[in-house]
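Everything below concerns the one structure shown next.
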Amino acid sequence: MAVGIFDSGLGGLTVLDAVAKRLPDVPLVYLGDSAHAPYGVRTPDDIYNLTTAATTRLFDAGCDLVILACNTASAAALRRMQESWVPKDKRVLGVFVPMIEALTERQWGDNSPPREVAAKHVALFATPATVASRAFQRELAFRAIGVDVEAQACGGVVDAIEDGDMILADALVRSHVDALMRKMPSPDAAILGCTHYPLMEAEFQAALGPDVKVFSQANLVADSLADYLTRRPEMVGPGTDAAFLTTGDPKKVSARATQFLRRQITFTAA
Ligand code: DGL
């Protein structure tokens, strides 16, 4: 009864951690494609090919339901996968919708027409590929009207986090927040639209100031998954073993993951 969680690298661990706390009895198989990270500078075709390969590996590990805990894959590949690739008895879900539902004060699956919401000026921080896809704005437009979104492509932040260079990551976060605030001086809300960024949430909040509400995905996705599994309990797959798989160097990746989650995490080769 395993659920798969996929990211290009370590960022999806923020989602895994929240899901593990929310659903302690569900074995989770995590796959980080660190050999190919970052995805945020790749083309949509490249992201699609890498994401389908990783998702197949998670199906093979006994997961019928795979969460793309990667906004870049959710933005650039998910729709195409759902339309023409995902087998009938499997499900692949992304991380965008739970966050947009929270921002637009909606319950799970509320398909009523778009309406006005409290947040009027929203800052979106994401990878270059996610920003280029405009997937966030598209999903938001289905649910809310009158929201002004300013997006900032945060080049370099994922690389710095994957390399464990948190000083560089901090400097880059500050410079990306500065750049955003030159375009939108007073956002009401900020979306951390990359699962690596919760690892820098305190830095984003400090740079944005206390008046900006920061939305970060991990808990929102965990709640939404718990809700989904109560409705669709059969989607917990046949696998019984939790695992951490990486396409990168297991030793290096285990050390970084242990540092980020502050508990021992041991990756093996995917
Ligand atoms: N964690 C991925 C995301 O949410 C990072 C993508 C990348 O590898 O650039 O977008």
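FYI, in my numbering the residues of the sequence shown are 808 to 1077. Note that the Cβ used here is the ideal one computed from N, Cα and C, for glycine as well. Because the structure is a prediction, the values reported are computed rather than measured.
The beta-carbon separation of Val924 and Val902, rounded to 20 Å, does not stay under the 8 Å limit for a contact. Each of Leu987, Thr1054 and Leu1027 was checked against the Cα of Ala825, and the nearest Cα belongs to Leu1027. Considered as a whole, the region 857–918 harbours 870–875 and 898–900 as its complete beta strand (DSSP E) runs of no fewer than 3 residues, in chain order. A distance below 7 Å between beta-carbons, with the five flanking residues on each side excluded, links Ile907 to the following residues of its chain, in chain order: Glu946, Leu947 and Arg950.
When secondary structure is reduced to three states using DSSP, Leu838 falls in the strand class. Counting the other Cβ atoms within 10 Å of the Cβ of Asn918 gives fewer than 16, which makes it exposed. Three or more Cβ pairs closer than 8 Å define a contact, and the region 875–888 falls short of that threshold against the region 974–988. Listed in chain order, the non-local C-beta contacts of Trp892 below 7 Å within the same chain comprise Thr859, local neighbours out to five positions each way being set aside.
Taking all protein chains in view, the Cβ of Pro994 is crowded by 16 or more other Cβ atoms within 10 Å, so the residue is classified as buried. In terms of Cβ geometry, Gly916 and Thr1053 do not form a close pair [threshold 9 Å].
Comparing alpha-carbon positions, the option among Ala1076, Ile998, Val899 and Arg981 lying closest to Lys1020 turns out to be Ile998.
Listed in chain order, the alpha helix (DSSP H) runs fully inside the region 933–991 are 935–940, 942–950, 964–969 and 973–990, counting runs of at least 4 residues. Bridge partners of His843 according to DSSP: none are assigned. Taking the Cα of Leu872 as reference, the smallest distance to any Cα among Thr1073, Phe1051, Ala882 and Glu1041 is reached at Glu1041. Counting C-beta pairs with one atom in each stretch, the region 850–857 and the region 1057–1074 have fewer than three that are closer than 8 Å, which means they do not touch. Beta-bridge annotation (DSSP): Arg849 is not paired with any residue. At a threshold of 8 Å, Pro834 does not count as near ligand 1, since its beta carbon sits no closer than that to any of the ligand's heavy atoms. With contacts defined by Cβ atoms closer than 9 Å, Ser881 and His843 do not form a contacting pair. Contact check for Glu957 against Met1007 fails: the beta carbons are separated by 9 Å or more.
Remark: C-beta atoms of Cys877 and Phe813 approach each other more closely than 9 Å.
For Lys1058, the three-state secondary structure derived from DSSP is helix.
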